[in-house]
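The structure under discussion appears below in the form of structure tokens.
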Amino acid sequence: EDQVTQSPEALRLQEGESSSLNCSYTVSGLRGLFWYRQDPGKGPEFLFTLYSAGEEKEKERLKATLTKKESFLHITAPKPEDSATYLCAVQAWATGTASKLTFGTGTRLQVTL
Amino acid sequence: DSGVTQTPKHLITATGQRVTLRCSPRSGDLSVYWYQQSLDQGLQFLIQYYNGEERAKGNILERFSAQQFPDLHSELNLSSLELGDSALYFCASSVAGTSGTDTQYFGPGTRLTVL
Chain U
29 EDQVTQSPEA LRLQEGESSS LNCSYTVSGL RGLFWYRQDP GKGPEFLFTL YSAGEEKEKE
89 RLKATLTKKE SFLHITAPKP EDSATYLCAV QAWATGTASK LTFGTGTRLQ VTL
Chain P
22 DSGVTQTPKH LITATGQRVT LRCSPRSGDL SVYWYQQSLD QGLQFLIQYY NGEERAKGNI
82 LERFSAQQFP DLHSELNLSS LELGDSALYF CASSVAGTSG TDTQYFGPGT RLTVL
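Quick look at the structure:
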């Protein structure tokens with residue numbers, strides 16, 4: 029069974045204080061690892077897809093990396109508007125067009141002035 | 022805006038009742054997924070439809086059912102509601118091809134409260 033574990037559960041940073049969020053996973057044949065951002069009461073917003081170990085993707089202050097067992101979301105010089113819950117999910121190769129996501133429980137990030 | 026729409030935004034109902042949640046996928050997407058998000062469980066996959074046919078099932082209760090119509094919109098029916106069914110219900114859509122990754126885009130969700 030596919031599993032995703034995210035740490036820490038919650039993280040409080042001051043504006044400009046860089047840090048990393050961790051996502052450890054086990055999956056039977058990785059089709060893709062996804063990062064989403066979710067604001068309270070809203071739907072998850074797609075950030076990145078990573079396909080294979082060694083891959084990196086960047087978007088503004090966020091950078092996602094992938095190894096064979098985990099992924100990191102690095103946040104450089106965060107701003108208060110980066111405050112949200114960050115979700116990691118894995119997608120396994122399956123028969124035909126079945127492609128569910130298995131999510132971790134997320135990291136709640138709060139960035140203060 | 023992801024392009025996925027869900028109605029209604031909020032539903033308040035009583036135990037034992039039945040409700041229907043509606044989802045319209047992004048233009049061009051053939052696959053629709055339903056997820057449940059409760060405070061203690063995170064996002065849990067319920068069911069996937071592809072071009073009108075059921076493709077995968079998660080831990081969906083027998084009291085819950087779904088379908089995808091010829092115009093590709095989907096409905097999730099929840100019956101004999103219990104207090105524990107209170108949650109956010111999200112719909113996502115994707116192209117769902119058989120090669121490469123398959124990015125899912127989520128709608129804004131329906132918040133269900135069972136009293």
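For the protein sequence lines, the chains are U and P, in the order given. Just so it is clear: in the first sequence, position 14 is 42 by my numbering, and no numbers are missing. Just so it is clear: in the second sequence, position 7 is 28 by my numbering, and no numbers are missing. Note that beta-carbon positions come from the ideal geometry of N, C-alpha and C, so glycine has one too.
Under the three-state DSSP convention, the category residue i falls into
i, result
"L60 (chain P)", "coil"
"E75 (chain P)", "strand"
"G105 (chain P)", "helix"
"E96 (chain P)", "strand"
"E73 (chain U)", "strand"
"E86 (chain U)", "strand"
"E109 (chain U)", "helix"
"A81 (chain U)", "coil"
"Q125 (chain P)", "coil"
"L129 (chain U)", "coil"
"F90 (chain P)", "coil"
"A134 (chain P)", "For the sequence presented, residue 134 (chain P) should be read as Thr rather than Ala. Correct three-state label for T134 (chain P): strand."
Residue i versus residue j: straight-line alpha-carbon distance, rounded
i, j, result
"E74 (chain P)", "R40 (chain U)", "44 Å"
"L90 (chain U)", "Q57 (chain P)", "27 Å"
"W121 (chain U)", "L129 (chain U)", "11 Å"
"G69 (chain U)", "T54 (chain U)", "28 Å"
"H102 (chain U)", "L75 (chain U)", "13 Å"
"Y70 (chain P)", "Q88 (chain P)", "7 Å"
"T134 (chain P)", "Q31 (chain U)", "29 Å"
"D50 (chain P)", "R59 (chain U)", "19 Å"
"G44 (chain U)", "D110 (chain U)", "11 Å"
"K78 (chain P)", "E29 (chain U)", "14 Å"
"G24 (chain P)", "T124 (chain P)", "13 Å"
Beta carbon proximity, residue i to chain U, threshold 8 Å
i, result
"F127 (chain P)", "yes"
"A77 (chain P)", "yes"
"Q69 (chain P)", "yes"
"F66 (chain P)", "yes"
CB contact below 8 Å: residue i versus chain P
i, result
"P36 (chain U)", "no"
"R59 (chain U)", "yes"
"Q119 (chain U)", "yes"
"P68 (chain U)", "no"
Per DSSP, cross-strand counterpart(s) of residue i
i, result
"I68 (chain P)", "P:W55 and P:K78"
"G60 (chain U)", "U:Q119"
"L41 (chain U)", "U:V139"
"S99 (chain U)", "U:C51 and U:L94"
"V32 (chain U)", "U:Y53"
"A35 (chain P)", "Per DSSP, none; premise fails for A35 (chain P)."
"L111 (chain P)", "Sequence inspection shows Phe at residue 111 (chain P); the Leu mentioned does not correspond to that position. For F111 (chain P), which the question treats as bridged, DSSP gives the partners P:Y56."
"T26 (chain P)", "P:S45"
Closest Cα partner of residue i within the set the options
i, options, result
"Q27 (chain P)", "P:R39, P:H94 and P:D61", "P:H94"
"P106 (chain U)", "U:W63, U:V32 and U:L137", "U:L137"
"K87 (chain U)", "U:W63, U:S127 and U:Q42", "U:W63"
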